[in-house]
Amino acid sequence: MRSLIDILDLSPAEIDELIAKANDIIANPVKYAEKCRGKKLATLFFEPSTRTRLSFEAAMYELGGSVLGFSEAQSSSTAKGESVSDTAKTVSCYADIIAMRHPKEGAPFVAAQAASIPVINAGDGGHNHPTQTLTDLLTISREKGRLDGLTVGFCGDLKFGRTVHSLIGALCRYQNIKIVLISPEELKVPSYVKQTMKKNGIEYSQTTDLEASLPELDILYMTRVQRERFFNEEDYLRLKDSYILTPAKLKNARDDLSIMHPLPRVNEISVEIDDDPRACYFKQVLYGKFIRMALILKLLEVE
Ligand code: NCD
0 MRSLIDILDL
10 SPAEIDELIA
20 KANDIIANPV
30 KYAEKCRGKK
40 LATLFFEPST
50 RTRLSFEAAM
60 YELGGSVLGF
70 SEAQSSSTAK
80 GESVSDTAKT
90 VSCYADIIAM
100 RHPKEGAPFV
110 AAQAASIPVI
120 NAGDGGHNHP
130 TQTLTDLLTI
140 SREKGRLDGL
150 TVGFCGDLKF
160 GRTVHSLIGA
170 LCRYQNIKIV
180 LISPEELKVP
190 SYVKQTMKKN
200 GIEYSQTTDL
210 EASLPELDIL
220 YMTRVQRERF
230 FNEEDYLRLK
240 DSYILTPAKL
250 KNARDDLSIM
260 HPLPRVNEIS
270 VEIDDDPRAC
280 YFKQVLYGKF
290 IRMALILKLL
300 EVE
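In terms of numbering that gives the first Met the number 0, the sequence shown opens at residue 0 and continues consecutively.
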C-alpha cells in the first residue's frame, strides 16, 4: 500500500510511466472506463478547492469508480475536535483511496500513517502539492516534448505557493534545468527549496523584475499571492498586485513561451492573454484530470 505525500515519493521513471499512462488515457479513454468499477475515492478537503477536488472526482468517475467525501472542515467531525488520524482510520473503512487537502503542513502525512488505504496529498498548507506537479509535468511534456533543458521562471508568491515548492523539487531531477525566481523580497522561496536546488547543482537566479527575465524563459509559471497564509491583511494588500502579466509585458517574450498557472487566478494574468497561443493554464486544468486518473490506477495497483 502506497501513498503520495511528496512528489519525490515517485522516482523519475515512475513519473515517466504516469505521463505515458495519462497520454494513453487521453488517446484511448474508452479502454479505461471500467478500470475502477466498485472502487471508491474519498475526497477529504479541509480547505477550499475547485480544480483539485473536482478533477479527482471526475477522474474517479471516468474510471468507472465512485466518490464520497466532504469539501469543508466545518461539515466533518473535525469541527467536533476529531484528529486527522482518527478521520483517516474511519475513512479507511469506507473507501479504497483518499485524496486529502489540509491547511496544516504535514497533515496528509499524518493521515497516511494512520490509514490502511493509500493517501494522496492534495495540498498541505504552504508546503507541497504533488498532484499539481504531476499536472504541470504532463503539461510541460506535452507542450515542449521534453522535461530536460528548460529555463523555467516562477513568478509571484514563491514563499507560500506550495505548487512552486513541489514543481521545483521535481525539476531538480532533470538535466540542464535553469530556474529564475521572480518575486517581491518578502515572498522569496523558503531556504529549504534553495537548498534542494543547490544540492542538485541547479542553476538559479532571484530577481524582482519580471519583464527583464521574460526573454530567456521557455516556461513562465505565474502564481497567486496566497492571501490565506498571510499573518496580516495589510501585507497582503501591499503585495497582491506585485505582478500582473499583460500583452504589453509579453513583448519581449519568446514565441514558444508556455505560460502556466495552477489557478485560481486573481489578477496575475490579464484575461486578454487567455487567447494568446502561449497561454496553457486551461490546458493544465484538463491534463490534471488525466494524470490523476493515471495516479489512481497506479496507487490502487489496477492493471
Ligand atoms: C493551487 C493550490 O491550491 O495550491 N491551486 C490548485 O490546486 N490548482 C494554487 C493556489 O491556490 O494558488
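From the three backbone atoms N, C-alpha and C, an ideal C-beta is built for every residue, glycine too.
As the structure is a prediction and not an experimental result, all values here were calculated from the model.
- Here the distance from the Cβ of S48 to the nearest heavy atom of the ligand NCD is below 7 Å.
- Relative to the ligand NCD, T150 has its C-beta separated by 7 Å or more from all heavy atoms.
- Under the 10 Å beta carbon count, L146 is surrounded by 16 or more other beta carbons and is classified as buried.
- Leaving aside the five residues that flank V192 on each side, the residues in its chain whose CB is nearer than 7 Å to its CB run, in chain order, H164, I167.
- Per DSSP, V29 lies in no alpha helix (DSSP H) segment and is marked neither H nor E.
- S182 is positioned such that its CB atom lies no closer than 8 Å to that of D217.
- Along the length of the region 161 to 233, whole alpha helix (DSSP H) runs at least 4 residues long occupy 161 to 170, 190 to 198, 209 to 212, reported in chain order.
- Burial check for L236: the Cβ neighbour count within 10 Å stays below 16, so the residue is exposed.
- Judged by DSSP secondary structure, R291 falls within the alpha helix (DSSP H) whose first and last residues are 280 to 298.
- By the CB criterion at 8 Å, L296 and D95 fall outside the cutoff.
- Rounded to whole angstroms, the gap between the alpha carbons of F281 and E302 is 30 Å.
- Relative to Y242, the option among T222, C35, A21, N231 whose CA is nearest is T222.
- About 17 Å separates the beta carbons of N251 and P276, which is beyond the 8 Å limit, so they are not a contact pair.
- When secondary structure is reduced to three states using DSSP, D147 falls in the coil class, being assigned neither helix nor strand.
- In the DSSP assignment, T42 falls within the beta strand (DSSP E) that extends over 39 to 44.
- Residue range 65 to 69 is occupied by the beta strand (DSSP E) that includes V66, with no alpha helix (DSSP H) assigned at that position.
- Relative to the ligand NCD, even the nearest heavy atom lies 7 Å or more away from the CB of H101.
- For S91, the enclosing alpha helix (DSSP H) starts and ends at 83 to 91.
- The beta carbons of L43 and T86 sit closer together than 8 Å.
- If you compare the alpha carbons of V284, L249, L170 with that of E271, the shortest gap goes to L249.
- The continuous stretches of beta strand (DSSP E) do not include R264, and DSSP gives it neither H nor E.
- If you draw a straight line from the Cα of C171 to the Cα of I201, it comes to about 6 Å.
- Around the CB of G125, 16 or more other CB atoms lie within 10 Å, so the residue is classed as buried.
- Of K88, G287, P263, the smallest CA-CA separation from I116 is found for K88.
- Selection F159, A58, N199 evaluated against E185 yields F159 as nearest (Cα-Cα).
- Between N175 and the set T162, R161, N199, the nearest pair of CA atoms involves N199.
- Per DSSP, V118 is one residue of the beta strand (DSSP E) stretching across 118 to 123.
- Rounded to whole angstroms, N27 and E61 show a C-alpha spacing of 12 Å.
- Between the alpha carbons of K103 and A78 lies a distance of about 15 Å.
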